[in-house]
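Per this note's numbering, the very first residue in the sequence shown carries number 340; after that it's consecutive.
Taking it in order: structure first as structure tokens, then the write-up.
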Amino acid sequence: MDEIVREYPFRFVLSLAPLVEFWNQTVDSVNGARGRMLDAIREELAQAPELMEPIEDLSVLERHHGLVGTLMSAVFPPALWEARALAALVPYSLDPFLCSPAFENLVLNADGSYKGRPALEGEAYVMARLMRAYFLILRECYGIDEGLYQPLIQIVPHPETGLERYIRFKPELGFVEIRNLGGPETLTERQKADILNHLSEPQILREILPPENFEFRGFTIVEAMDVTAAEVLSALDRDLIDKSTIVTQDGFLRLQQRLRTLYGQPDLVASVAAVQGDQTFLLSTGCEMKCNCIFGDTTHVPTSYFVGSVYERAIDKGGVLRIRDLLEEPNRTPADEESLRNDVRALMVAPLLFQGQLIGTLKLASPRPGAFGARDELVAHQLLPMFSVALKQALDKLDNDVDTLIKQKCTAVHHSVEWRFKKAVLDHLENLHRGNVQEMENIVFRDVYPLYGSSDIRGSSYARNAAIRDDLTEHLNLALDVLRKAWEARRLPILQELLHQVSEHLDWIQDGIGTGEEMAVMTFLRNEVEPVFKPLKTFGLRVVEAIAAYHREIDASKGTVYSKRKDFEESVALFNERLSSYLESEEAEAQAIFPHYFDKHQTDGLDYVIYMGASMVEDGEFDDLYVRNLRIWQIIVACGIAWHADQLKSVLKIPLEATHLILVNHNPLSISFRFAEKRFDVDGAYNIGHEIIRSRIDKAMVKGGRERLTQPDRIAMVYSRPEEASEMLSHISFLQAEGFLGPEVEHLDLDDLQDVKGLRALRVGVNLDSAALRQRMDRLSSQPPIPARRVG
340 MDEIVREYPF
350 RFVLSLAPLV
360 EFWNQTVDSV
370 NGARGRMLDA
380 IREELAQAPE
390 LMEPIEDLSV
400 LERHHGLVGT
410 LMSAVFPPAL
420 WEARALAALV
430 PYSLDPFLCS
440 PAFENLVLNA
450 DGSYKGRPAL
460 EGEAYVMARL
470 MRAYFLILRE
480 CYGIDEGLYQ
490 PLIQIVPHPE
500 TGLERYIRFK
510 PELGFVEIRN
520 LGGPETLTER
530 QKADILNHLS
540 EPQILREILP
550 PENFEFRGFT
560 IVEAMDVTAA
570 EVLSALDRDL
580 IDKSTIVTQD
590 GFLRLQQRLR
600 TLYGQPDLVA
610 SVAAVQGDQT
620 FLLSTGCEMK
630 CNCIFGDTTH
640 VPTSYFVGSV
650 YERAIDKGGV
660 LRIRDLLEEP
670 NRTPADEESL
680 RNDVRALMVA
690 PLLFQGQLIG
700 TLKLASPRPG
710 AFGARDELVA
720 HQLLPMFSVA
730 LKQALDKLDN
740 DVDTLIKQKC
750 TAVHHSVEWR
760 FKKAVLDHLE
770 NLHRGNVQEM
780 ENIVFRDVYP
790 LYGSSDIRGS
800 SYARNAAIRD
810 DLTEHLNLAL
820 DVLRKAWEAR
830 RLPILQELLH
840 QVSEHLDWIQ
850 DGIGTGEEMA
860 VMTFLRNEVE
870 PVFKPLKTFG
880 LRVVEAIAAY
890 HREIDASKGT
900 VYSKRKDFEE
910 SVALFNERLS
920 SYLESEEAEA
930 QAIFPHYFDK
940 HQTDGLDYVI
950 YMGASMVEDG
960 EFDDLYVRNL
970 RIWQIIVACG
980 IAWHADQLKS
990 VLKIPLEATH
1000 LILVNHNPLS
1010 ISFRFAEKRF
1020 DVDGAYNIGH
1030 EIIRSRIDKA
1040 MVKGGRERLT
1050 QPDRIAMVYS
1060 RPEEASEMLS
1070 HISFLQAEGF
1080 LGPEVEHLDL
1090 DDLQDVKGLR
1100 ALRVGVNLDS
1110 AALRQRMDRL
1120 SSQPPIPARR
1130 VG
């Protein structure tokens, strides 16, 4: 520190003259004891004129120790001298010439040097001292009070613990005079502006106010104050702004060291855990510093593990729980016993909350019973808000990293299985962190029950082809009208040939539109017919009007007549939108009852697949009651879709009818996520049969005839085993009694499909006039969908 002080460019002189002047001004007019004291001081000063001169040699003070003490009593009252860390310094230096015993014990070594180190070191330390001097010059000499004084902090080791203590020197400059030895008496407006624009740049200030032109004379009074708590709390706040600090080894160890300094306990161990749903994650711990759960080798443990422990007690309390000695606590849980095995005796545990929601816990532990007192508990309360914000930021970043990787690897993931993907991603990130570069683990759900249903638009392909044919017919007729009027105006053979070709295309499309035929017609019109319109415009007004009529009917974006197809596509879009919206409302209610994987596809109609089972639920709790419940739900949903389809007939431009199919399968199967295709698929050759049936069943025919299995306003339920039929008949009977279904049930054998034999079906009509059905539809349409329960 002395070497740094020597680099100080300003002149500073120790002088007691300002102190003597203080005595003269405050005591001169006073009679009595203090007046007599001043008279005595004057007499002694007359015998020691060197005290009124600049003091270069500190031994002068020693020779007049008694008189100096009397003078300094105006600054340091005797009552404070023994209790507070006070000192008098050479002005704008750190050289003490008088200091109290408390100041010596706190910050000075035996040889008079300072303990520890400045909080600011090197150039930053010199810069801070320079700026303090310039700010004082500007204020005292030029009336510019714009400076921000950076406090002088010394970091001193604690004599017993060795932990850092932060000591702040609080200066009092009332006995410092500034002498202008050649600097400007006043500043121009330009100089003032330059100074204000460059207050933090001493090299600019030196050009205007050279330091050799100013002298500091007198002495500085300082009080050394322990500000460890405030400085550490401020440092913790700065550290925790960095999102990575709380979840990285180096960052958290730095936090733990600050906490040890704050509490004065070198053996303190800190840890932060995150609580998400039914899981607890240990993000950081000062003793193990690795990505594992609090008490195990996995990345997380169920929150239920902590029931009854000190952690749950702290959460229930809603604040800091202080335990004097964990060994003395009755009814210890396995979590508490694990803490004891980790040499934890005294501890403080507190919940970390964000916007009123529990997101984690902070634990401060010590191997010494009784290590934490009431004051420590109060300090812990100050830590909670900053740790809560830091944990929330860290969790948000972690969620963002996980979601990003999931989107890269898996695209969108259904919320019911998101927990499993997050676990796989966390394991993957942990492996990468450890240098183990490998692909994410395969995600397989075993023994899940599949449920499949579809509602297709009856004859959608035929209706679409008919719309295309009608539009092309209209387009060709418009072209025919132009060519006929042109032929009537000028009987050119080429026009007769084009008329013949257009007529052939009209005849050609009347039998139906095959693959590529629409494009062939459009190519003919664009390449052969439309190019002749330009010269035909000279054939007279009737031809010009026919060409204008042709272009009016052509859709600019499609390049052809787009009327019937527009009606059809708008009808299909409205049909799908209404049915899909209804299905999503039903699915939200079903999801709230029990979580399951749900995937919906929409083309001409819609179909969906559901998977549910113990392996798809994070806690593993499952019962086939929920499967049977969903099978009833499937029938009700098919009834609801049929009802909506019937309601839409009166508003659609192209009337559409829907057919409804349910595939019943009591055999559980396994599904796995295909990362290449980014979708779920059945796993294993044994299970592929279900997928084959699902892909082909919509074409099924009733055995012995030409009747399609699926019919409008009826629900077909396909099965292969007698017990499947028995269950569905039970559900049908119940829903008939409720009024959803009609009274007749058909038992049907089905024609064999490719690679699929022996399928049978039940078919039952929907009671479209059912009061129960209408009541259910009204209820779902009058309220927003219920948010699905998030799993994990």
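Think of the CB as a built atom: it goes at the ideal place given N, C-alpha and C, for glycine as much as any other residue.
Measuring alpha carbon to alpha carbon, tell me which of Glu546, Cys480 and Pro549 ends up nearest Glu516.
Counting from 1 along the sequence shown, the entry for residue 516 is found at position 177. Glu516 has its Cα closest to that of Cys480, out of Glu546, Cys480 and Pro549.
Residue burial classification, Ile580 (beta-carbon count within 10 angstroms, cutoff 16):
Within the sequence shown, residue 580 is the residue found at index 241, counting from 1. Per the 10 Å Cβ criterion, exposed.
* Asked: With distances taken between CB atoms, is the gap from Pro393 to Pro550 smaller than 7 Å?
  -> Here residue 393 refers to the residue found at position 54 of the sequence shown. Here residue 550 refers to the residue found at position 211 of the sequence shown. No, they are not a contact pair.
Distance, Asp578 Cα to Met1116 Cα:
For the purposes of this step, residue 1116 is identified with residue 777 of the sequence shown, where counting begins at 1. For the purposes of this step, residue 578 is identified with residue 239 of the sequence shown, where counting begins at 1. In this structure, the CA atom of Met1116 is about 56 Å from the CA atom of Asp578.
- prompt: Who pairs with Arg661 in a beta bridge, going by DSSP?
  reply: Your numbering for residue 661 matches position 322 in the sequence shown. According to DSSP, Arg661 bridges with Met687.
Cα-Cα, which of Ile585, Ser648, Val429 and Ser1011 is closest to Gly512?
For this step, residue 512 is matched to residue 173 along the sequence shown. The displayed chain sequence assigns Leu, not Gly, to residue 512. Among Ile585, Ser648, Val429 and Ser1011, the Cα nearest to that of Leu512 belongs to Val429.
To which residues of the same chain is Ser678 closer than 8 Å at the C-beta, ignoring the five residues directly before and after it? Numbered from 1 along the sequence shown, position 339 holds the residue referred to as residue 678. For Ser678, where only same-chain residues beyond five positions count, the Cβ hits under 8 Å are Val649, Leu665, Leu686 and Ala704.
Q: Look up Asn363 in the DSSP assignment and say whether it is helix, strand or coil.
A: To locate residue 363, count along the sequence shown from 1; it is residue 24. Here Asn363 sits in helix by DSSP.
Would you mind sorting Gln694 into buried or exposed? The rule is 16 or more other CB atoms within 10 Å of its CB. Reading the sequence shown from its first residue, position 355 is the one you call residue 694. Exposed, because fewer than 16 other Cβ atoms sit within 10 Å of the Cβ of Gln694.
### Message
Just to confirm my understanding: we take Arg797, look at its own chain, exclude 5 residues before and 5 after, and list those with CB closer than 6 Å. What are they?
### Response
For the purposes of this step, residue 797 is identified with residue 458 of the sequence shown, where counting begins at 1. The answer, listed in chain order, is Glu996, Thr998 and Pro1051.
- Can you tell me the Cα-Cα spacing of Gln849 and Glu857, whole angstroms? Along the sequence shown, one-based indexing puts residue 849 at 510. Along the sequence shown, one-based indexing puts residue 857 at 518. Each residue's Cα considered, the two are about 12 Å apart.
Whose C-beta lies closer than 8 Å to the C-beta of Phe1079 among residues of the same chain, with five residues either side of it excluded?
By one-based count along the sequence shown, residue 1079 stands at place 740. Result list for Phe1079: Ile974, Ile975, Cys978, Val1105, Asn1106, Ser1109, Ala1111 and Leu1112, in chain order.
Fill in: Cβ separation of Arg970 and His1070, assumed to be a contact under 8 Å, to the nearest whole Å
The residue labelled residue 970 in the question sits at position 631 within the sequence shown. The residue labelled residue 1070 in the question sits at position 731 within the sequence shown. With a Cβ gap of about 6 Å, Arg970 and His1070 count as contacting.
Considering only residues of the same chain and omitting the five flanking positions on each side of Asp434, which have a CB-CB separation below 7 Å? To locate residue 434, count along the sequence shown from 1; it is residue 95. Cβ contact annotation for Asp434 (same chain, cutoff 7 Å, sequence separation greater than five): Leu428, in chain order.
Open item on the list: Please classify Asp682 as buried or exposed, where buried requires at least 16 neighbouring CB atoms within 10 angstroms.
Closed with: Here residue 682 refers to the residue found at position 343 of the sequence shown. By the 10 Å Cβ count, Asp682 comes out exposed.
Determine the DSSP secondary structure at Pro457, reduced to helix, strand or coil. Within the sequence shown, the letter at position 118 stands for residue 457. In the structure shown, Pro457 falls within a strand segment according to DSSP collapsed to helix, strand and coil.
Practice prompt. Go to Leu594, then tell me how far its alpha helix (DSSP H) extends in each direction, as first and last residue.
Written response: Residue 594 sits at position 255 when you count from the first residue of the sequence shown. First-last of the alpha helix (DSSP H) with Leu594: Gln588 to Tyr602.
*Using DSSP with H/G/I as helix, E/B as strand and the rest coil, what is Glu1085?*
Residue 1085 sits at position 746 when you count from the first residue of the sequence shown. Looking at Glu1085 - three-state DSSP - the assignment turns out to be strand.
Exercise. Ile993 by DSSP, collapsed to three states: which one?
Worked result: Locating residue 993 in the sequence shown gives position 654, where the first residue counts as 1. Of the three classes helix, strand and coil, the one that applies to Ile993 here is coil, per DSSP.
Option nearest Ser799 by Cα separation, candidates Thr700, Gly944, Gly521 and Gln1114: On the sequence shown, residue 799 is found 460 positions in, with the first residue counted as 1. When each option's Cα is compared against that of Ser799, the closest is Gly944.
Per the DSSP calculation, Lys509 is bridged to which residue(s)?
By one-based count along the sequence shown, residue 509 stands at place 170. BP columns for Lys509 point to Glu562.
Which complete alpha helix (DSSP H) runs does the segment 940-988 hold, if anything under 4 residues is left out? 964-987
Mind checking Arg1045: buried by the 16 CB within 10 Å criterion, or exposed?
Stepping through the sequence shown from its first residue, residue 1045 is reached at position 706. Exposed: under 16 other Cβ atoms inside 10 Å.
Residue closest to Lys656, alpha-carbon to alpha-carbon, out of Phe361, Phe620, Arg680 and Thr700: Here the question's residue 656 lines up with position 317 in the sequence shown. When only C-alpha atoms are compared, the closest one is Thr700.
Using 7 Å as the threshold, is the C-beta distance between Met1183 and Val990 below it?
In this structure the chain extends from 340 to 1131, so residue 1183 is not present and cannot be described.
Item checked: One or two residues paired with Arg556 in a DSSP bridge -> Sequence index remark: in the sequence shown, residue 556 carries index 217 (1-based). DSSP lists Val352 and Glu516 as partners of Arg556.
Is it the case that the Cβ atoms of Ile1054 and Val1103 are separated by a distance below 7 Å?
As a first step, residue 1054 must be located in the sequence shown, where it is residue number 715. As a first step, residue 1103 must be located in the sequence shown, where it is residue number 764. Yes, these two residues count as a Cβ contact at 7 Å.
- Does DSSP classify Glu485 as helix, strand or coil? Sequence index remark: in the sequence shown, residue 485 carries index 146 (1-based). Coil at Glu485, not helix or strand.
**Message:** Quick check on DSSP: helix, strand or coil for Thr899?
**Reply:** For this step, residue 899 is matched to residue 560 along the sequence shown. Strand.
Could you tell me which of Ser452, Glu1062 and Met955 sits nearest to Ser1009, measuring between CA atoms? Numbered from its first residue, the sequence shown carries residue 1009 at position 670. Taking each of Ser452, Glu1062 and Met955 in turn and checking the Cα distance to Ser1009, the smallest one comes out for Met955.
Exercise. Taking the C-alpha atoms as reference points, what is the distance between Phe933 and Tyr965?
Worked result: Residue mapping note: residue 933 aligns to position 594 of the sequence shown, counting from 1. Residue mapping note: residue 965 aligns to position 626 of the sequence shown, counting from 1. The alpha-carbon atoms of Phe933 and Tyr965 are separated by roughly 7 Å.
Subject >> Element boundaries [alpha helix (DSSP H), containing Met861] >> reply: Residue numbering aside, residue 861 sits at position 522 when the sequence shown is read from its first letter. Element bounds for Met861: Glu856 to Phe863.
Apart from the five residues just before and just after Gly1097, which ones in its own chain have a Cβ nearer than 7 Å to its Cβ?
-> Against the sequence shown, residue 1097 aligns to sequence position 758. Correct list, in chain order: Ser1059.
Beta-carbon spacing of Ala1076, Leu1087 below 7 Å
For this step, residue 1076 is matched to residue 737 along the sequence shown. For this step, residue 1087 is matched to residue 748 along the sequence shown. No, these two residues do not count as a Cβ contact at 7 Å.
What does the Cβ neighbour count give for Met411, buried or exposed, with the cut at 16 atoms within 10 Å? What you label residue 411 is simply residue 72 of the sequence shown in a count that begins at 1. When all chains shown are included, Met411 counts as buried.
Simplified DSSP state of Ser452, which is helix, strand or coil | The residue labelled residue 452 in the question sits at position 113 within the sequence shown. For Ser452, the three-state secondary structure derived from DSSP is coil.
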